[in-house]
Each structure stands twice: as C-alpha cells, then as structure tokens.
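According to the UniProt record's numbering, the stretch in the sequence shown is residues 1 to 171, in order.
Quick notes on the structure that follows.
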Amino acid sequence: KIFNDSIIHIFSEMGLLSINLENILNGEVETIAEQISSKLREIFIERKRSFWFAGYGETTTKVIGKGKGGRNLELSLRIMMKMNPEEIFSFISIATDGDDGNSLMMGMITDNILKERTTNVDLEKYLKNSDSATFAEDFGVAVRTGYTGSNVSDIIIGYYGGLIENVNREE
C-alpha cells in the first residue's frame with residue numbers, strides 16, 4: 001500500500017491525472033483482468049481523459065501446462081487480450097520479490113504497440129501451457145531485477161488513453 005500510494009503521489013506531483021486502484025489484485029487472474037480492463041474504460045468515460053493508475057494485491061492462477069511464468073506475467077498477457085486494438089494503454093504487473101512463479105522475471109510490460117504485433121490466438125497458445133515467460137522472452141518485454149529481498153505484494157502500474165481517436169494529448 002505504501003509503495004502504491006507513493007506511485008500515485010509521484011504521478012500527481014508531475015501533474016498527471018492518477019487513479020489509485022488500491023487492492024484490486026484480489027482473486028483469480030482471468031477475472032481480475034476483466035475487472036481491471038472494464039474499470040479503466042469506466043474511468044476514462046467518467047473523466048473524459050487519459051490517466052495513470054496503480055494498484056496492488058495478489059491474484060491466483062491455475063497452472064495448466066509445463067511452461068514458465070507466474071500470475072503477474074499472466075495478468076499482463078490477459079490485460080493485453082482484453083484491450084481492443086484501437087485502445088491506447090501501457091501495463092506492467094510485477095512481483096516485488098523479483099521472481100514471478102518459476103520465471104526468474106519480475107514481470108512484463110505490455111502496451112498497444114505490442115498488441116499490434118500479436119493476436120489473441122497467439123496469446124492463448126502461451127496461456128494454455130502456462131508459458132507467459134516464453135512470450136515475454138520472445139517479444140523482449142520481460143522485466144528482470146533478480147531477487148529483491150522484499151515480498152510485500154504484487155503491483156500494477158499503467159496508463160490508459162481510451163480509443164486512439166479520443167486521446168487527450170495535452171498531458
């Protein structure tokens with residue numbers, strides 16, 4: 001919570017519209033991805049402008065294959081799947097200990113540019129083998145820090161700009 005609040009404070013000090021999603025990471029990763037993507041769209045409609053956001057907690061996931069990955073990597077992939085090709089977004093989900101699942105990665109960064117380079121069918125292939133770390137490797141979007149010595153919760157940070165034609169570019 002302290003880290004999350006600090007991120008929101010930094011965004012605000014920079015003059016950016018920032019939304020604190022607080023303890024949003026609480027439940028099964030697929031459900032949480034749907035909740036987050038819907039929440040981002042709702043906030044955009046309400047505020048009528050792009051914004052930065054942060055949240056924390058811990059999701060759960062069911063391992064269904066022999067791949068490498070973890071709940072943060074999977075959440076980043078699932079968020080990307082939920083976004084439409086016309087939406088502008090950037091999203092990172094990280095494990096504060098520096099090791100998400102069996103991946104030796106802290107997490108991964110996804111955005112609308114990466115979404116243009118792949119399809120949901122491609123993403124499903126990675127997800128059905130619990131192999132989100134291989135996706136991060138294949139597309140060069142892995143975040144690696146090594147072991148951090150801290151394990152307080154998972155953290156998400158991102159930007160949502162709505163549909164490309166509706167973006168308020170003044171931020």
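By construction, the Cβ of each residue, glycine as well, lies at the ideal position given by its N, Cα and C atoms.
Exercise for review: Identify which residue in G107, S103, I19 and I64 has its Cα closest to the Cα of V143.
Suggested key: G107
Point to revise | G65, buried or exposed, once every other Cβ within 10 Å from all chains shown has been counted against 16 | key: exposed
Practice item. Might you give, ordered along the chain, the residues of its own chain that have their beta carbon closer than 7 Å to the beta carbon of A33, omitting 5 neighbours on each side? Key: L75, R78, I79 and K82
Check your understanding: Are the region 57-72 and the region 97-107 touching, with three or more C-beta to C-beta distances below 8 Å?
Key -> Taking a cut-off of 8 Å on C-beta distances, the region 57-72 touches the region 97-107, as three or more cross pairs fall below it.
Exercise for review: Name the one or two DSSP bridge partners that Y160 has.
Suggested key: For Y160, which the question treats as bridged, DSSP gives the partners F51 and F89.
Exercise for review: Kindly list the residues whose CB is nearer than 7 Å to the CB of S12, restricted to its own chain and excluding five residues on each side of it in sequence; keep chain order.
Suggested key: S18
Practice item. Output yes or no for whether 9 Å exceeds the beta carbon distance between residue 173 and T59. Key: Outside the shown range of the chain (1 to 171) lies residue 173, about which nothing can therefore be said.
Review point. Would you say the region 151-158 touches the region 89-99, given that touching needs at least three Cβ pairs under 8 Å?
Key: Yes: the two stretches touch, three or more of their Cβ pairs being nearer than 8 Å.
Practice item. State the DSSP-derived secondary structure class of T145, mapped to helix, strand or coil. Key: coil
Review point. Do Y56 and F3 have their C-beta atoms closer together than 9 Å?
Key: yes
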